[in-house]
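Report on the structure given below.
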Amino acid sequence: METSILDTIKNLIPSNPVAAFANGNMLQVLVFAVIVGFTLIAIGEKGTALLKVIDSCNEVCLKVISTVMYFTPIGVFCTIVPVVEANGTETIISLATQLIILYVAFFGFALVIYGGSVKFIGKESPVKFFKAMLPAALNAFGTCSSSATIPISKQRMEDEMGVSNKITSIAIPLGATVNMDAVSILMSFMIMFFANACGINVSISMMIVILLANVLLSVGTPGIPGGAIASFAALATMAGLPAGVMGVYISINTLCDMGATCVNVIGDMAGCVVLKEKIKLED
């Protein structure tokens, strides 16, 4: 029997947060994290100690993940070989086709949404903007890190687009943390691709749940190479995908991450241009 949307919303709230962590119910964990986050903001200074502990735990987890990533090529090779052996070159061709479609979606989104925002809200020429942001976008494409591209993004927006340092100093670092539109596109695309490939029927209510979780996870995705892998793992579990798809996804993650990071950085810089028009700063 299909779960109703109302029941799905009710199930978002964990009755036992510890059990949600233990059972790997990522959606309830996310909702619990959001509740704790807003509570920490509400209580102000009294929550500083807990905030520091959470921040330290986050840094430890990121360090562990980044260290493990050094060994992923070996694991990916061992995982992808039996997949190719069992399915032949058709698997590689299918993944390549999906990557092409994904990149069309990425840059179509950047051209229409970000280019349109620069033109109609920021009152600037999209051609001038895309020429100005190109070095930063290429750096993001090569490094797969929006955080590492922050200095270039700031310099290009300030020198080429005339955006105030007061705007770039806030908008670009903040965007590198929370502006993950392309990651959200990537996750939705890949979840549905693997669901279809595995013959799994994803209901409308589950699509809505995945979409909501996707937005929350993309906002929390760190701006480092491979940061989206944990998000995909959580969404794959929600969608009921078999564990084997992780190996296939990891094998193409870098190729996906390059385009996603590039588009995210373009979005950060487009936001600066829009803010320049909307916020009149005094010299």
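In terms of the numbering used here, the sequence shown is residues 9 to 291. All C-beta atoms, glycine included, are put in the ideal place defined by N, C-alpha and C.
Listed in chain order, the non-local C-beta contacts of L59 below 7 Å within the same chain comprise L48, local neighbours out to five positions each way being set aside. Using a Cβ distance threshold of 8 Å, V281 and G130 count as a contacting pair. Beta-carbon to beta-carbon, I160 and N147 are separated by about 5 Å, close enough to satisfy the 8 Å threshold.
In the structure shown, F79 adopts coil according to DSSP, grouped into three states.
Between the stretch 188 to 200 and the stretch 101 to 117, the count of C-beta pairs closer than 8 Å reaches three or more; the two stretches touch.
In terms of Cβ geometry, V271 and F138 do not form a close pair [threshold 8 Å].
Its chain contains D276, G279, C280, L283 as the residues whose beta carbon lies nearer than 8 Å to that of A179, once the 5 sequence neighbours on both sides are disregarded; these appear in chain order. Considering only S153, F114, P143, A190, the residue with the shortest C-alpha distance to M165 is P143. Here N209 is exposed. Its C-beta has fewer than 16 other C-beta atoms within 10 Å.
Contact between A268 and F114 holds, with the beta-carbon distance rounding to 7 Å and staying under 8 Å. V253 is the residue among L119, V253, I121 whose C-alpha sits nearest the C-alpha of T99. Each of L224, I260, N24 was checked against the Cα of L243, and the nearest Cα belongs to L224. Between L263 and F202, the gap from beta carbon to beta carbon reaches 8 Å or more. Exclusion of the five residues before and after N173 leaves K162, E166 as the residues of its chain whose Cβ lies within less than 8 Å of its Cβ.
Distance from the Cα of M198 is smallest, within the candidate group P181, F128, L219, I212, for L219.
Excluding the 5 residues flanking it on each side, S125 has same chain C-beta neighbours closer than 7 Å at A278, V282, in chain order.
Looking at the backbone, the Cα of V37 and that of V89 are separated by about 34 Å. In this chain, S23 is not harboured by any alpha helix (DSSP H), its DSSP state being neither H nor E. Between the alpha carbons of M141 and S226 lies a gap of roughly 23 Å. Cβ neighbours of A145 within its own chain (closer than 7 Å, five residues either side excluded): C270, V273, I274. In the DSSP annotation of this structure, the continuous segment of the alpha helix (DSSP H) that includes M165 starts and ends at 158 to 168.
If you draw a straight line from the Cα of V186 to the Cα of S154, it is about 11 Å long. Annotated as proximal: M246 and A221, with beta-carbon spacing under 8 Å. Between E285 and E93, the alpha-carbon positions lie close to 55 Å from each other. The C-beta distance from P22 to V39 rounds to 7 Å, short enough to fall under 8 Å. Annotation: P250 is outside any alpha helix (DSSP H) and is labelled neither H nor E by DSSP.
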